[in-house]
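Presented below is the structure to which this report refers.
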Amino acid sequence: MQAEDRAVLLSGPDVGELEQEYVLAALRSGWIAPVGPDLDRFEREIAERAGVPHAVAVNSGTAALHLALIGVGAGPGDVVVVPTLTFVATANAVVHAGATPVFADCDPATGNLDAGLLAGVLADLDAEGARVRAVMTVDLYGQCADYGRILPPCDRYGVPLVEDATEALGAAHAGRPAGSFGRAAAFSFNGNKIITTSGGGMLVTADERLADRARYLAGQARLPAEHYEHGDVGYNYRLSNLLAALGRAQLCRLDEMIERRRALHDGYAKIFAHVDGVSMLGGDDPAANRWLTAVVVDPDRTGWRARDLAVHLAARNVETRPVFKPMHRQPAYAHARAFLTGAAERLFADGVVLPGGSALGDDQVRRVLDEITEFLEGHQ
Numbered sequence: 300m301q302a303e304d305r306a307v308l309l310s311g312p313d314v315g316e317l318e319q320e321y322v323l324a325a326l327r328s329g330w331i332a333p334v335g336p337d338l339d340r341f342e343r344e345i346a347e348r349a350g351v352p353h354a355v356a357v358n359s360g361t362a363a364l365h366l367a368l369i370g371v372g373a374g375p376g377d378v379v380v381v382p383t384l385t386f387v388a389t390a391n392a393v394v395h396a397g398a399t400p401v402f403a404d405c406d407p408a409t410g411n412l413d414a415g416l417l418a419g420v421l422a423d424l425d426a427e428g429a430r431v432r433a434v435m436t437v438d439l440y441g442q443c444a445d446y447g448r449i450l451p452p453c454d455r456y457g458v459p460l461v462e463d464a465t466e467a468l469g470a471a472h473a474g475r476p477a478g479s480f481g482r483a484a485a486f487s488f489n490g491n492k493i494i495t496t497s498g499g500g501m502l503v504t505a506d507e508r509l510a511d512r513a514r515y516l517a518g519q520a521r522l523p524a525e526h527y528e529h530g531d532v533g534y535n536y537r538l539s540n541l542l543a544a545l546g547r548a549q550l551c552r553l554d555e556m557i558e559r560r561r562a563l564h565d566g567y568a569k570i571f572a573h574v575d576g577v578s579m580l581g582g583d584d585p586a587a588n589r590w591l592t593a594v595v596v597d598p599d600r601t602g603w604r605a606r607d608l609a610v611h612l613a614a615r616n617v618e619t620r621p622v623f624k625p626m627h628r629q630p631a632y633a634h635a636r637a638f639l640t641g642a643a644e645r646l647f648a649d650g651v652v653l654p655g656g657s658a659l660g661d662d663q664v665r666r667v668l669d670e671i672t673e674f675l676e677g678h679q
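Here the working numbering is used: the first residue of the sequence shown is 300, the next is one more, and so on.
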């Protein structure tokens, strides 16, 4: 297959010789199971990056979210406020904890939880006597939510914040790193994330008791004894030492991978800067890690739709994706309560996510930019 015919992926894994070196060393050490020195170091290194004292490595971001919700006491009879514009794992974690998600719409400029809407949502739920156990935020596509406006209403109603930072490792807001704003937060190391352990995640928190409880539950709630003794119904959630070694190598390269993704985002921004009716989702936030770049199209002004660009690129073997379909539109959650403004539905209808992986070569980047330019020239 010619280079120009190879698929350009949305966000493929970026691994190389350093990762091979770390994983081989872990293999040779004999520490293969979900315990070992690389696992311990990975937890410490992620905690330091997130600016919090505690981290618990688990086998997925979903597991980290689930444990975080358990840690703040979410369970049957409770409700958790969740952004409707997110990947389904955010809502699923609420259900796994036994609680009920209540969806809230997004800021149309960023796709993150609508901070102006949140105060009204909490006021309504409080007036109804609902037991709101947590507010969850999602740092969508690697841009932190507006925590300066989100935290005050949470504090006013005494509701802890749980941060879904699964896409946001290395991002920041107001000088603070993603993962440091909530009572607990979750990162993901899935194969398409900014760093990967193949599959994996991390719970981070400043709450030592919450971290200890999460670690205990993630290890099948095993108590210290000569035999297998279990005080609670736990989960098989721990990350392996081998995958933690991969994660440590990736973490060494995080900053360079973020810079690569930011450069791709800037390239897209330059192309669309003079196209009337196209905007960059999230604007120009310099602290975003730019895990993925999405553009929003106003078809009344452009004369073409986001899907038209996606079809054009797909025909040239370039992967794109729609912005997340809102949770209140998903069959699994069609019955759920939702506070809506219509913003998430508009982003789903009019947004397209473009390739943003740090593993993309210069030739692939040029190819994508050239294809977009060709499309725009054909739709002037």
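The C-beta atom is built at its ideal place from N, Cα and C for all residues, glycine as well.
* Answer yes if the region 612-624 comes into contact with the region 667-674, meaning at least three C-beta pairs across the two stretches below 8 Å, and no otherwise. => yes
* To do: Return the CA-CA distance between residue 417 and residue 466, expressed in angstroms with no decimal places.
  => 22 Å
* Asked: Under a three-way DSSP split, which group does residue 488 fall into?
  -> coil
* Asked: Does DSSP put residue 599 in a helix, in a strand, or in coil?
  -> helix
* Can you tell me which of the three DSSP states residue 439 falls into? => helix
* Which of helix, strand or coil DSSP assigns to residue 463 -> Correct three-state label for residue 463: strand.
* Buried or exposed for residue 382, please, with buried defined as at least 16 other CB atoms from any protein chain shown within 10 angstroms of its CB. => buried
* Selection from 678, 675, 545 and 628 that minimises the alpha carbon distance to residue 312 -> 545
* To do: Run the CB neighbour count on residue 300, radius 10 Å, all protein chains shown included, and call it buried at 16 or more, exposed below.
  => Below a pLDDT of 50, predicted positions are generally treated as unreliable, and residue 300, at 41, falls in that range; no measurement from the model is reported.
* Asked: Exposed or buried, residue 343, counting other C-beta atoms within 10 Å across all chains shown (16 or more means buried)?
  -> Exposure of residue 343 is indicated by the presence of fewer than 16 other C-beta atoms within 10 angstroms of its C-beta.
* **Cα-Cα separation between residue 314 and residue 659, rounded to whole angstroms** => 12 Å
* **Nearest to residue 535 (by Cα), restricted to the options 499, 677, 627 and 594** => 499
* residue 300 (DSSP reduced to helix, strand or coil) -> Reliability of the predicted coordinates at residue 300 is poor, the pLDDT of 41 falling under 50, and the value obtained from them is presented with this limitation in mind. Residue 300 falls in the coil class under three-state DSSP.
* In whole angstroms, what is the alpha-carbon distance linking residue 581 and residue 528? -> Those two C-alpha atoms are separated by around 49 Å.
* Might you give, ordered along the chain, the residues of its own chain that have their beta carbon closer than 8 Å to the beta carbon of residue 566, omitting 5 neighbours on each side? => 664 and 668
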